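First the structure, in the form of structure tokens, and then the observations on it.
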DNA sequence: GTCTATACAGTGATAGAC
DNA sequence: GTCTATCACTGTATAGAC
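Chains as they are written, first to last, in our numbering: chain A, 8 to 195; chain B, 8 to 195.
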């Protein structure tokens with residue numbers, strides 16, 4: 008058993024704080040409160056301070072999606088890749104109870120601080136999804152539009168579910184998004 | 008000509024500051040910088056400080072949508088109401104160059120501060136849109152789902168457009184959302 | 001109505017003891 | 001690796017002169 012913390016142990020807790028309060032709303036004291044670690048320990052792991060903490064969280068999210076969503080999308084059959092994506096999305100966002108930190112960061116001045124990471128995350132997601140749909144028989148143009156609509160639909164569903172304080176709204180929207188991607192030959 | 012400011016004159020400037028930096032990222036000094044008004048004047052108009060300023064901005068946005076979108080949706084023919092909504096949406100969000108402050112506030116701890124206003128805005132929007140679609144011949148269930156999908160699609164398009172720094176992405180998505188609402192008899 | 005001056009808590013960050 | 005003490009600074013908010 009280990010008592011001393013490791014950097015990797017802290018990141019999920021950091022993520023939760025940033026998700027709750029946003030980048031600007033997250034203070035070191037709130038982080039200390041949640042993690043139980045003093046500023047000394049925090050700055051030991053993240054010499055760059057709050058910005059490095061948020062950056063590490065973003066990288067961690069990126070890794071998770073790369074491993075659980077983007078890679079399966081490209082490596083497995085389109086059906087399996089898509090089924091895995093929707094399952095992962097439902098799980099990760101806890102059926103609408105958890106927001107997308109990358110999307111939240113994108114909406115205010117925080118975006119400029121992490122522009123590359125944010126654009127990369129969404130770019131790789133829509134890219135992998137487009138490729139998958141093309142492999143499933145969609146035309147390039149229809150696949151690109153549908154991929155964007157799916158990703159943006161997930162983000163919008165998170166916004167609306169939180170705004171209305173109704174997580175079930177997310178689940179319903181995701182069901183419809185999934186169904187829309189399942190029709191093999193796009194009629195639009 | 009009037010030199011002294013009025014409360015109503017300041018609100019659009021306040022809105023822009025909040026949109027740029029988010030609620031937590033907006034400081035009185037940034038507001039002073041943008042409006043040219045000292046703290047004395049600011050607190051003269053908004054005794055409740057920053058929270059009252061944001062509240063006034065939210066109420067102003069609400070009024071605008073009520074007047075330009077929700078009421079026309081309910082008062083005019085479904086076709087005219089819908090056409091007006093899409094035109095207003097494109098105009099208001101400046102083809103993807105401007106985010107939705109209500110949606111942005113919904114994503115972090117700011118939501119709890121303005122929960123009623125945020126839920127009311129989205130509730131009246133999806134409500135008016137649902138009613139309009141029912142009047143246009145949709146079934147209740149299909150109308151409600153489609154209304155939510157449209158509103159959530161707009162929010163998601165704003166997130167994705169800003170994340171990818173590509174306003175055109177918003178315009179394309181809105182075109183598809185509009186087209187999806189135009190099919191008179193929902194096949195889904 | 002607008003300004004300046006000011007109060008004071010909280011901010012991110014650093015240094016150094018252990 | 002973790003803590004406490006402390007730093008300079010900015011945050012919101014108030015008081016009062018004009």
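From the three backbone atoms N, C-alpha and C, an ideal C-beta is built for every residue, glycine too.
Given the structure is predicted, the values throughout are model-derived calculations rather than measurements.
Determine the chain B residues that contact residue 27 of chain A at a beta-carbon separation under 8 Å, and present them in chain order.
Taking the beta carbon of residue 27 of chain A as reference, the chain B residues within 8 Å of it are 115, 116, listed in sequence order.
Just curious, the alpha helix (DSSP H) that residue 106 of chain A is in, first and last residue?
No alpha helix (DSSP H) contains residue 106 of chain A, which DSSP labels as neither H nor E.
Would the beta-carbon of residue 62 of chain B fall within 9 Å of that of residue 124 of chain B?
It is a contact, given that the beta carbons lie within the stated cut-off.
If you draw a straight line from the alpha carbon of residue 20 of chain A to that of residue 42 of chain A, how long is it in whole angstroms?
Between residue 20 of chain A and residue 42 of chain A, the C-alpha separation is close to 6 Å.
How do the region 155 to 172 of chain B and the region 156 to 169 of chain A stand: do at least 3 beta-carbon pairs fall below 8 Å, yes or no?
Contact between the region 155 to 172 of chain B and the region 156 to 169 of chain A is present, because at least three Cβ pairs lie under 8 Å.
Can you tell which of B:65, B:24, B:190, B:25 has the C-alpha that lies nearest to the C-alpha of residue 145 of chain B?
With distances taken between Cα atoms, residue 145 of chain B lies closest to B:190.
Compile a chain-ordered list of the residues in the region 158 to 171 of chain A whose CB is closer than 9 Å to at least one CB of chain B.
Per Cβ criterion, the list reads 158, 159, 160, 161, 162, 163, 164, 165, 166, 167, 168, 169, 170, 171.
Taking the alpha carbon of residue 182 of chain B as the reference point, which residue from B:102, B:119, B:32 has its own alpha carbon closest?
Per the C-alpha coordinates, the member of B:102, B:119, B:32 positioned closest to residue 182 of chain B is B:102.
What three-state label does DSSP hand residue 190 of chain B in the structure shown?
For residue 190 of chain B, the three-state secondary structure derived from DSSP is coil.
From residue 152 of chain A to residue 25 of chain A, what does the alpha carbon distance come to, in whole angstroms?
For residue 152 of chain A and residue 25 of chain A, the distance between alpha carbons rounds to 31 Å.
Which of the three DSSP states is assigned to residue 59 of chain A in this structure?
Residue 59 of chain A falls in the helix class under three-state DSSP.
Backbone CA spacing between residue 171 of chain B and residue 185 of chain B [nearest angstrom]
The alpha-carbon atoms of residue 171 of chain B and residue 185 of chain B are separated by roughly 22 Å.
Tell me whether the region 21 to 40 of chain A and the region 105 to 119 of chain A touch, counting them as touching only if at least three CB pairs, one residue from each stretch, are closer than 8 Å.
Result yes; three or more Cβ-Cβ pairs closer than 8 Å.
Residue 148 of chain A burial status per 10 Å Cβ neighbour count (16 or more: buried):
By the beta-carbon neighbour count (other beta carbons within 10 angstroms, threshold 16), residue 148 of chain A is exposed.
In terms of residue numbering, what span does the alpha helix (DSSP H) encompassing residue 85 of chain A cover?
Residue 85 of chain A -> alpha helix (DSSP H) spans 85 to 99.
Three-state class that DSSP yields for residue 13 of chain B in the structure shown:
In the three-state DSSP reduction, residue 13 of chain B falls in the coil class, being neither helix nor strand.
By Cβ distance, which residues of its chain are closer than 6 Å to residue 91 of chain A, with the 5 residues on each side in sequence left out?
The answer, listed in chain order, is 79.
Do you know offhand how far residue 23 of chain B's Cα is from residue 187 of chain B's?
Taken atom to atom, the span from the alpha-carbon of residue 23 of chain B to that of residue 187 of chain B is near 31 Å.
Quick one: which chain B residues come within Cβ less than 7 Å of residue 31 of chain A?
Close partners of residue 31 of chain A in chain B (Cβ separation under 7 Å): 29, 31, 32.
Skipping 5 residues on each side, what residues in its chain have a beta carbon closer than 8 Å to that of residue 142 of chain B?
Around residue 142 of chain B: 85.
Is residue 75 of chain B closer than 9 Å to residue 50 of chain B when the C-beta atoms are compared?
No, the Cβ-Cβ distance between residue 50 of chain B and residue 75 of chain B is not below 9 Å.
Counting only C-beta atoms, is residue 131 of chain A closer than 9 Å to chain B at any point?
Residue contact check for residue 131 of chain A against chain B: no CB pair falls below 9 Å.
Cβ closer than 9 Å: which chain A residues qualify as neighbours of residue 152 of chain B?
In chain order, 179, 180, 183 make up the part of chain A whose C-beta sits under 9 Å from the C-beta of residue 152 of chain B.
Just the chain A side, please: which residues come within less than 7 Å of residue 66 of chain B by C-beta, in chain order?
Here the premise fails: no neighbours, minimum Cβ distance about 16 Å.
Run through chain A and tell me which residues come within less than 8 Å of residue 155 of chain B, C-beta to C-beta.
Within 8 Å Cβ-Cβ: 167, 176, 179, 180.
Beta-carbon proximity of residue 120 of chain B to residue 180 of chain A, cut-off 9 Å
No, the Cβ-Cβ distance between residue 120 of chain B and residue 180 of chain A is not below 9 Å.
What did DSSP end up calling residue 115 of chain B once you bin it into helix, strand or coil?
In the three-state reduction of the DSSP assignment, residue 115 of chain B falls in the coil class, being assigned neither a helical nor a strand state.
Taking only beta carbons into account, state which residues of the region 80 to 97 of chain A come closer than 9 Å to chain B, listed in chain order.
Listed by position, the residues of the region 80 to 97 of chain A near chain B (Cβ gap below 9 Å) amount to none.
I think residue 12 of chain A touches residue 44 of chain A, with their Cβ atoms under 8 Å apart; what is that distance to the nearest whole Å?
Contact between residue 12 of chain A and residue 44 of chain A holds, since their C-beta atoms are separated by about 6 Å, short of 8 Å.
Residue 82 of chain B classed as buried or exposed, judged by whether at least 16 other C-beta atoms fall within 10 angstroms
With fewer than 16 Cβ atoms within 10 Å of its Cβ, residue 82 of chain B is classed as exposed.
Chain B contact residues for residue 111 of chain A, given Cβ-Cβ distances below 7 Å:
Chain-ordered, the chain B residues with CB closer than 7 Å to the CB of residue 111 of chain A read 114, 115.
So what's residue 53 of chain B in DSSP terms, helix, strand or just coil?
Coil at residue 53 of chain B, not helix or strand.
If residue 14 of chain B and residue 52 of chain B are in contact, beta carbons under 8 Å, what's the gap, nearest whole angstrom?
The C-beta distance from residue 14 of chain B to residue 52 of chain B rounds to 5 Å, short enough to meet the 8 Å contact threshold.
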